[in-house]
Amino acid sequence: MNTFRDGSKILVIGMGKVGSLVGILLNNRFKVTGLDKNPPHYDLNLPFEVIGGDCSDIDFLEKTIPAFQAVVSCMPYFLNLPIAQICHKNAIHYFDLTEDVPTTQAIRQMAETAQAVMAPQCGLAPGFIGIVGADLCKRFDKIRDIELRVGALPQFPNGLLGYSFTWSPAGVINEYINDCEVIHNGKKKMVPALDGLEKIYIGGEEFEAFSTSGGLGTMCETFEGKVDTLNYKTMRYPGHCKLMKFLLYELIMKDDRQQLEQILTNAKPPVQEDVVYVYAVVEGWKYDKIKREEYYRPFQPIVIDGEHWRAISWTTAASIAAVVEMVAQKTLPTSGFIKQEEIPFEAFLETTNGKFFLEKEL
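Residue numbers (the working numbering): 56 to 417.
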């Protein structure tokens, strides 16, 4: 049996910005080792050992992973499945940030026979937004609608796209292309990404929101038969959706994701001053009266251990680190599949890393 607790050995795979911060946050309670094919390419003094290795090399992973009690994968979605399979085989806790539905479904299947935790989708969306939405639902006797919105945006946008790729361009493109699971008129169904365009006004500023895949995680399964409407949409500055549709479908760049990723990364590199908007709305009945509950927070960059971290980096890293903490504390199950919407929000906020979402509210 996996005796995972404070001080246990954790392997964090992927030493990009988010992966490095995940390692930093977890290193306060666990013995962290980082893994990447290349050393971190930025000036950051990591307080833990980083070993070199190619995570697409299955033999290397088979030899390396069994030395740890838990693995946190911060790799692009298409590299996660072999890592999860090795963890499953060796009864090692597995956590990742994937938004990819087929990857999650495969991990869910593995979890049926897992002797350790299989917890994909532990980031911002899916992840934190599902925890928030499910918490709002607890305030009702009967739920009608659940609408979840997240936007990771530059604070000072320029250009027609009004965007900056502060996290995986491959992940963004994947969300923009794959169909999206929703509940509409009480029935679970699939809708195209980039559809369902709507306007949102926050503090007098206009945003647009549209369907993107993966943000709900397993919520459609959890709430099927219980709600009339459940959907997730990504927030952007006005005009973004129209331009992405032009690129993907009029220029047919959906068929060449690698080239599209190169173009967008070159055109819209990451900015330091970003903002993450988290907005959740639930409507339903309490004591036979219709009511509406909302959660809205804008999260900005912060300083951790003397280093500046973008909002998208720390919100994502703190989300997955908090879930890891909860498994070690046995606040969450220690085996099987963990649905994000089943994670208690109050307990999440009480963790060392969950407290960032309280301390940094604006």
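Where a beta carbon is used, it is the ideal one built from N, C-alpha and C, also for glycine.
Express the C-alpha separation of Arg365 and Thr119 in angstroms, rounding to a whole number.
The alpha-carbon atoms of Thr119 and Arg365 are separated by roughly 31 Å.
Which of helix, strand or coil does DSSP assign to Phe125?
Position check: residue 125 holds Ala in this sequence, whereas Phe was assumed. Strand, per DSSP.
Going by C-alpha to C-alpha distance, which of Glu263, Thr407, Lys297 sits closest to Tyr332?
Considering only alpha carbons, the answer is Glu263.
Return the bridge partner residues of Gln301 from the DSSP annotation.
In the sequence as presented, Gln is not what sits at residue 301; that position holds Phe. None, per the DSSP bridge assignment.
Which stretch, first to last residue, makes up the beta strand (DSSP E) that contains Ser266?
Run containing Ser266: 260-266, per the beta strand (DSSP E) assignment.
If you follow the beta strand (DSSP E) that Trp369 is in, where does it begin and where does it stop?
Segment 366-383 is the alpha helix (DSSP H) holding Trp369; no beta strand (DSSP E) there.
In terms of residue numbering, what span does the beta strand (DSSP E) encompassing Asn229 cover?
Counting along the chain, Asn229 falls outside any beta strand (DSSP E), though it belongs to the alpha helix (DSSP H) covering 224-232.
Taking Asp311 as part of the beta strand (DSSP E), name the residues at either end of that continuous run.
Taken as a continuous stretch (DSSP letters only), Asp311 belongs to no beta strand (DSSP E), as it is neither H nor E.
Residues bridged to Leu99 by DSSP?
Answer is none; Leu99 lacks a bridge partner.
Decide if Leu413 is buried, meaning its Cβ has at least 16 other Cβ atoms within 10 Å, or exposed.
Exposed: under 16 other Cβ atoms inside 10 Å.
At what residues does the alpha helix (DSSP H) containing Phe400 begin and finish?
First-last of the alpha helix (DSSP H) with Phe400: 400-405.
Consult DSSP for Leu285 and reduce its assignment to one of helix, strand or coil.
Of the three classes helix, strand and coil, the one that applies to Leu285 here is strand, per DSSP.
Please work out which residues of its chain come closer than 6 Å, Cβ to Cβ, to Tyr351, disregarding the five sequence neighbours upstream and downstream, and give them in chain order.
Closer than 6 Å at the Cβ level, and outside the excluded window around Tyr351, lie Tyr334.
In the DSSP assignment, the alpha helix (DSSP H) including Lys81 goes from what residue to what residue?
A small correction: the amino acid at residue 81 is Leu; Lys does not occupy that position in the sequence shown. Per DSSP, Leu81 belongs to the alpha helix (DSSP H) from 72-81.
Pop quiz: Gln170 and Ala146 are said to be a contact at Cβ under 8 Å. What is the actual Cβ separation, rounded to whole angstroms?
Gln170 to Ala146, Cβ: 4 Å. Contact.
Since Phe103 contacts Asp109 with CB under 8 Å, what's their CB separation in whole angstroms?
About 20 Å separates the two Cβ atoms, so there is no contact after all.
Helix, strand or coil: how does DSSP classify Pro293 here?
Of the three classes helix, strand and coil, the one that applies to Pro293 here is coil, per DSSP.
On the DSSP letters alone, give me the boundaries of the beta strand (DSSP E) that Pro175 sits inside.
Pro175 -> no beta strand (DSSP E), and no H or E assigned at all.
Helix, strand or coil: how does DSSP classify Thr88 here?
Thr88: strand per DSSP, three-state reduction.
Three-state secondary structure (DSSP) at Leu417?
Note that Leu417 has pLDDT 40, beneath the 50 cutoff, so the model's placement of it is unreliable and the number below is only indicative. The answer is coil: DSSP assigns Leu417 none of H, G, I, E or B.
Kindly indicate which three-state DSSP category Gly107 falls into: helix, strand or coil?
DSSP places Gly107 in strand when its eight states are reduced to three.
Tell me Pro275's beta-bridge partners as DSSP assigns them.
The residue you asked about is not Pro; residue 275 is Cys in the sequence shown. DSSP, once it has assigned bridges, lists no residue as partnering Cys275.
According to DSSP, is Glu328 part of a helix, a strand, or is it coil?
Here Glu328 sits in coil by DSSP.
Are the beta-carbon atoms of Arg392 and Met173 separated by less than 8 Å?
The sequence as given places Phe at residue 392; Arg does not occur at that position. Closer than 8 Å, so yes.
May I ask which residues mark the beginning and end of the alpha helix (DSSP H) holding Met245?
No alpha helix (DSSP H) contains Met245, which is instead part of the beta strand (DSSP E) from 242-246.
Should Thr273 be labelled buried (16 or more other beta-carbon atoms within 10 Å of its own) or exposed?
It counts as buried.
If you count every other CB in all the chains shown that lies within 10 Å of the CB of Pro94, and 16 or more means buried, which is it?
Result: exposed.
Got a sec? Which residues, its chain only, sit under 7 Å from Trp369 by beta carbon, not counting five neighbours each side?
Taken in chain order, the residues that qualify are Leu76, Ile357, Ile359, Phe411.
By the DSSP assignment, the beta strand (DSSP E) with Phe183 in it spans what residues?
Run containing Phe183: none in the beta strand (DSSP E); it sits in the alpha helix (DSSP H), 183-192.
If Val379 sits next to Glu202, beta carbons under 8 Å apart, how far is it from one beta carbon to the other, in whole angstroms?
Not really, about 29 Å apart at Cβ, beyond 8 Å.
Grab me the residues of Glu401's own chain with a C-beta within less than 8 Å of its C-beta, minus the 5 sequence neighbours each way, in chain order.
Asp190, listed in sequence order.
Mind reading off the beta-carbon distance from Leu101 to Gly69? Whole number of angstroms is fine, and I expect it under 8 Å.
Rounded, the Cβ-Cβ distance is 13 Å, inconsistent with contact.
Taking just the CA atoms, how far does Phe211 sit from Val330?
Computed Cα separation, rounded: 9 Å.
If we call anything under 8 Å between Cβ atoms a contact, is Met299 one with Tyr231?
In contact: Met299 and Tyr231 (Cβ atoms closer than 8 Å).
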